Amino acid sequence: MKTTEGTIKGYHCVKSFRRIKTKLSKELFGLSNEEILKRIQKSSREFEEKAKKNK
Numbered sequence: 003m004k005t006t007e008g009t010i011k012g013y014h015c016v017k018s019f020r021r022i023k024t025k026l027s028k029e030l031f032g033l034s035n036e037e038i039l040k041r042i043q044k045s046s047r048e049f050e051e052k053a054k055k056n057k
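Mapping of the sequence shown onto the working numbering: residues 3 to 57, in sequence order.
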């Protein structure tokens with residue numbers, strides 16, 4: 003069986019990860035642990051709702 007690996011030209015995984023990590027760090031700076039947990043729970047709930055709609 004043949005398999006192929008697809009890559010996107012110009013996409014750099016490490017740069018993308020660092021950009022996302024920096025963005026999250028700026029958004030969560032200064033929040034308490036409880037506030038961070040609430041924010042993550044809300045985001046995951048919204049993601050699940052969008053996933054259900056796209057089915």
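For every residue, glycine included, the Cβ atom is placed at its ideal position computed from N, Cα and C.
Bear in mind the structure is a predicted one, so any value in this text is a computation, not a measurement.
Let me know the secondary structure DSSP gives residue i once reduced to three states.
{"i": "residue 45", "result": "helix"}
{"i": "residue 50", "result": "helix"}
{"i": "residue 17", "result": "helix"}
{"i": "residue 57", "result": "coil"}
{"i": "residue 11", "result": "coil"}
Are the CB atoms of residue j and residue i within a distance shorter than 8 Å?
{"i": "residue 38", "j": "residue 30", "result": "yes"}
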